[in-house]
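Down below is the structure, laid out as structure tokens.
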């Protein structure tokens, strides 16, 4: 977010949750398309958070193109009337500089009985800690100057710049496993509020002459096969966006001639490892910026057809 507020301009913006911050690397995209690319993904970012950050970006920069990621884990989050936890939302609001956007965002994510907690500096989910190890680490970073230089420190990941985090851990090929039974994607949880916020994003981009492209980052086939009903979600997104005049580019359906990911390209079942991020960013940018493949050539018509 410190970098986000200190760009000369952002030409191309990537919006969404962790599939964005652990998906596209803008550093590589810059080299491929010659533009200034930036990722605004944060962990478990809600659609309201995406809309708020996009509003802030439009106020600050002359954005040409927005890529919006359509992770089903985000779209099936509970509607605001049934939510009580807001850690992911505060990751956005804590660093939101525009007071009007910040206030509208905080009042959009819950029922009024949580508003007081939203505005308190200390409260539930406010990322405070009494852990002595974390406190000592912070004091050390302040003394060394790393805190004020925004140095990224992690044992299992590294910061690639412009909003991209690279996971150094990866899945050994052939070792995916799970000790719980995962349920199907609950399409009934996709609320009217989610759809209305997508419409707000569409309207905002149209008003500012910004090209808007909807896509999904590839997850592991292990993860999608485990869900069992991915095509139902794909069809819902494709039809919803088609009604609004948009195509939907789902890289889970990408032809293996052009994108062949292995287990080691993932850090878990639905996030890319460092190697996977660079591999997929290359394919993504080739498709949208340098090559001339048709959508029918690049993608299967369904996940069932691909498998």
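Residue numbers (this note's numbering): 336 to 642.
Even glycine gets a Cβ: it sits at the ideal position worked out from N, Cα and C.
It is roughly 26 Å from the alpha-carbon of residue 548 to the alpha-carbon of residue 560.
Counting every other CB atom within 10 Å of its CB across the protein chains shown gives residue 449 a total of 16 or more, marking it as buried. Within the same chain, and ignoring the five residues on either side of residue 555 in sequence, the residues whose Cβ sits closer than 6 Å to its Cβ are 601 and 604.
Put simply, of 593, 563, 349 and 531 the residue whose alpha carbon is nearest the alpha carbon of residue 576 is 531. Using a C-beta cut-off of 8 Å, the segment 536–550 makes no contact with the segment 428–445, since fewer than three inter-stretch Cβ pairs fall below that distance.
For residue 558, the enclosing alpha helix (DSSP H) has its first and last residue at 556–562. The Cβ-Cβ distance between residue 351 and residue 498 does not fall below 8 Å. Within 10 angstroms of the beta-carbon of residue 521 lie fewer than 16 other beta-carbons, which makes it exposed. In the DSSP annotation of this structure, the continuous segment of the alpha helix (DSSP H) that includes residue 424 starts and ends at 422–428. Of the residues assessed, residue 579 falls on the exposed side of the cut-off, its CB having fewer than 16 other CB atoms within 10 angstroms. Taken atom to atom, the span from the alpha-carbon of residue 475 to that of residue 468 is near 11 Å. Burial is judged here by how many other beta carbons sit within 10 angstroms of a residue's own beta carbon; residue 495 has at least 16 and is buried.
The C-alpha of residue 513 lies about 43 Å from the C-alpha of residue 541. Approximately 6 Å separates the beta-carbon atoms of residue 410 and residue 529; this is inside 8 Å, confirming the contact. For residue 372, the enclosing beta strand (DSSP E) covers residues 372–374.
With a cut-off of 8 Å on Cβ pairs, the segment 352–361 is in contact with the segment 398–413, counting three or more such pairs.
For residue 417 and residue 462, the gap between their C-alpha atoms comes out near 22 Å. Residue 337 counts as exposed, since fewer than 16 other beta carbons sit within 10 angstroms of its beta carbon. If you draw a straight line from the Cα of residue 401 to the Cα of residue 624, it is about 13 Å long. About 6 Å separates the beta carbon of residue 620 from that of residue 368, a gap short enough to meet the 8 Å contact definition. Distance between residue 365 and residue 356, taken at the CA atoms: about 16 Å.
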